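Here's the structure, in structure tokens; my notes come after.
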Amino acid sequence: MVCGSGLKAVCLGAQSIQSGESTVVVAGGMESMSKAPHTLHMRAGVKMGDASLKDSMVADGLTDAFHGYHMGITAENVAKQWAVSREEQDRFAVQSQNKTEAAQKAGHFEQEIVPVMVPSRQGSVEVKVDEFPRHGSSMDSMSKLRPCFIKDSSGTVTAGNASGINDGAAATVLMSQSEAGRRGIKPMARIVSWAQAGLDPSIMGTGPIPAIRKAVEKAGWELDQVDLFEINEAFAAQSIAVVKELGLNADKVNVSGGAISLGHPIGMSGCRVLVTLLHALQRTGGRKGVASLCIGGGMGIAMCVETI
Numbered sequence: 001m002v003c004g005s006g007l008k009a010v011c012l013g014a015q016s017i018q019s020g021e022s023t024v025v026v027a028g029g030m031e032s033m034s035k036a037p038h039t040l041h042m043r044a045g046v047k048m049g050d051a052s053l054k055d056s057m058v059a060d061g062l063t064d065a066f067h068g069y070h071m072g073i074t075a076e077n078v079a080k081q082w083a084v085s086r087e088e089q090d091r092f093a094v095q096s097q098n099k100t101e102a103a104q105k106a107g108h109f110e111q112e113i114v115p116v117m118v119p120s121r122q123g124s125v126e127v128k129v130d131e132f133p134r135h136g137s138s139m140d141s142m143s144k145l146r147p148c149f150i151k152d153s154s155g156t157v158t159a160g161n162a163s164g165i166n167d168g169a170a171a172t173v174l175m176s177q178s179e180a181g182r183r184g185i186k187p188m189a190r191i192v193s194w195a196q197a198g199l200d201p202s203i204m205g206t207g208p209i210p211a212i213r214k215a216v217e218k219a220g221w222e223l224d225q226v227d228l229f230e231i232n233e234a235f236a237a238q239s240i241a242v243v244k245e246l247g248l249n250a251d252k253v254n255v256s257g258g259a260i261s262l263g264h265p266i267g268m269s270g271c272r273v274l275v276t277l278l279h280a281l282q283r284t285g286g287r288k289g290v291a292s293l294c295i296g297g298g299m300g301i302a303m304c305v306e307t308i
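Shown next as structure tokens:
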């Protein structure tokens, strides 16, 4: 499930509770992209010549297995098919950065981040603030970045309007209604439905479109009844296409920014968008929310939750 694995873990945890196999499940995901090893294919040895090291992060997580090209090319495909301009992508990226900056300054992430002590040469350092956001981002600085994947003038995807390469972990605690009552715990929300969908891998970024439609239909909701959406910002191009195609109110989407500003640790992001959604609903007084991600290889996943 690559990018959707963190959310899929929550789905599997919920299924385990529904089937009676479990009453309490801890579900989530983690990723350390900075520690991803370089690998050498030596199964059959090397008879003559040299052998090349491969970045496992790029080979396993950021390359489309069907076409053999970088996920950034799938974003370029989406930009072309949905007529998303470079300017639109840059503007979306700046808005993501600005929303995250405002949210950090307002302390909106404090309730959802667990401080971690990290060893350093100067002793242990407490990490409790995301380091990736670029405060003060503007269209002027964003527009100066060069395209990363299509180098000529037709390229639109840059390091600024794509998600970051980051480390992180996220988790949720799930339990049955009866178990929560027995323990005297008031849940933040209940899981209403979830869904996943497949599509052409070359435009994998639009996976949230069918997945959200399917999950919302299973929940018995209408899209305009949803208070907040958290849709992973793998690339600005695909994020814009999803919002356009579903006809969403942009003010309801990623109210504190998204992966372009916060980063996208692949195995963690699925759970992170859900955790951020739950806290955003709690903070704003919203009731219904949808978390969703595109998945490399041609899939999308979505989950509907409702506050209690």
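Residue numbering for the sequence shown is 1 to 308, as defined by the UniProt record's numbering. Idealized CB from N, CA, C, for every residue including glycine. Fair warning: this is a prediction, and the values are worked out from it, not measured in the lab.
Under the DSSP assignment, His-279 falls in the alpha helix (DSSP H) whose first and last residues are 266-284. As far as DSSP is concerned, His-67 takes part in no beta bridge.
With respect to the 7 Å criterion, Ser-176 and Thr-307 are not classified as neighbours on the basis of their beta carbons. Under a 10 Å Cβ-count criterion, Pro-37 is classified as exposed, with fewer than 16 other Cβ atoms of the shown protein chains found around its own Cβ. The three-state reading of DSSP puts Pro-210 in helix, counting H, G and I together. Secondary structure note for Arg-146: it is in no alpha helix (DSSP H), with a DSSP letter that is neither H nor E. Under the DSSP definition of a beta bridge, Ser-292 partners with Ile-231, Ala-302. Looking at Leu-174, Gln-95, Val-157, the one whose alpha-carbon comes closest to that of Gly-136 is Gln-95.
DSSP, read as helix, strand or coil, puts Ile-240 in helix. Taken through DSSP and simplified to helix, strand or coil, Gly-184 comes out as coil.
Nearest C-alpha to Cys-148 among Ser-52, Asp-60, Phe-235, Ile-295: Phe-235.
With a minimum length of 4 residues, the unbroken runs of alpha helix (DSSP H) contained wholly in the stretch 71-126 fall at 71-81, 86-105. Closest by C-alpha distance to Val-255, out of Gln-238, Pro-265, Ile-231, is Ile-231. A buried status is given to Asp-90, since no fewer than 16 other beta-carbon atoms sit within 10 Å of its beta-carbon. With contacts defined by Cβ atoms closer than 7 Å, Ala-219 and Ile-301 do not form a contacting pair. Looking at the backbone, the Cα of Ala-59 and that of Thr-39 are separated by about 10 Å. Sorting Asp-50, Ala-65, Ser-193 by C-alpha distance to the C-alpha of Asp-200 places Ala-65 at the top. Beta-bridge pairing by DSSP links Ser-193 to Cys-304. Per DSSP, the unbroken beta strand (DSSP E) holding Ala-171 starts and ends at 167-175. Judged by their CB atoms, Ala-215 and Ala-195 are nearer to each other than the 7 Å cut-off. Counting along the chain, no beta strand (DSSP E) covers Ala-162, and no H or E run does either.
Counting the other CB atoms within 10 Å of its CB gives Asn-161 a total of 16 or more, which places it among the buried residues.
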